[in-house]
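First residue of the sequence shown: 8, per our numbering; consecutive thereafter.
Note that CB positions come from ideal geometry on N, CA and C, so glycine has one too.
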Amino acid sequence: MNRLLLLFIITPFFLAACGGDKKEEKEKKDYYPIAGYIRGQLAYLDSMPLGILHYRTTGDKTDSLVIEKTAFRNTVAEGFIASDISSSGKMKDYKETPFIDAGMGTMTLVYTPESDNLPVRKIDVLLSIASSDVYTVYVERTLPDSDSAVLQKMLWTHNKNCQVISIIKKPGEEEQVIIDHYVWDK
C-alpha cells in the first residue's frame, strides 16, 4: 500500500518534469535565417561596384540585359526573403533534417513541410562545417495564381549569382519553363 501511495505521489512530478524537457526542446529549436542571410548578401551587392547581368531562357531563346539592383532586390531577392521559415509562426509547420558530408566538409540543412498545402515546399542550406559559411541556399515554392500552377526552384550561390526556374502549368496547355539567371560575380 505504501509503494502504491508513493507511486501516485511521484508520478505527477515525473510527468511534469518530462513534459518540461519537451517544451524546452521546442523553444530551443532554431532554423537557419534565410531572410537575414539574403539581406547580408544584398548589403554585399550594394557595397560592390558590380552590375547584375540577367539572362532569361524560354524554350530555345535566351535574352540578356543588366538589371538594376533595386529591381533585383524588390523581385528576385524578395522571393528568397518571403520563403524564410525561421520565424516562430512558420517554424512549427516544418521539420529540419541535417545531413553531414565529412568528406566534403559540408552540412546540408533540409527543411520540409509537415503539410502538403504550404507554399514553401523545400529548403536546402549548404554550409561549411569548419566555418559555418553558406555555400548555397535552395528553395522550392509554389506561387498562387488564378489560372495556373507555378512552381519556382530558386538557387542562391554565395557572393556570385542566383537562378530562378519557374515551371508554369496552365490547364490544357503545355508546361512552360522559364530560367532566370542573375550573375554579379563569376
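Residues sharing a beta bridge with residue i, DSSP
i      : result
Leu158 : Thr149, Ile174
Lys102 : Thr119
Leu72  : His61
Tyr189 : His61, Cys169
Thr164 : Thr143, Asn168
Val132 : Leu116, Val144
Asp108 : Thr113
Gln183 : Ile175
Residue i versus the options, residue with shortest Cα-Cα distance
i      : options                       : result
Gly66  : Asp192, Val184, Tyr189, Val83 : Val184
Gln170 : Thr143, Glu103, Lys99, Gly179 : Thr143
Ile107 : Tyr39, Leu57, Asp37, Ser135   : Ser135
Ile172 : Val73, Pro178, Arg80, Leu162  : Leu162
Gly112 : Ser71, Asp100, Leu52, Ser138  : Ser138
Thr64  : Asn124, Leu72, Asp187, Lys193 : Asp187
Gln48  : Pro56, Glu103, Thr82, His165  : His165
Asn168 : Lys76, Ser155, Asp70          : Lys76
Leu72  : Ala78, Tyr62, Phe79           : Tyr62
Tyr38  : Asp70, Leu57, Val117          : Val117
Integer-rounded CB distance, given that residue j should sit under 8 Å from residue i
i      : j      : result
Ile88  : Ile45  : 5 Å
Tyr145 : Ile59  : So it is not a contact: roughly 20 Å between Cβ atoms.
Asp100 : Glu121 : 6 Å
Coarse secondary structure for residue i, derived from DSSP in three states
i     : result
Ser54 : helix
Lys97 : helix
Ile41 : helix
Ile88 : helix
Min CB distance residue i to chain C below 8 Å
i     : result
Gly47 : The structure shown has no chain C; it contains just one protein chain.
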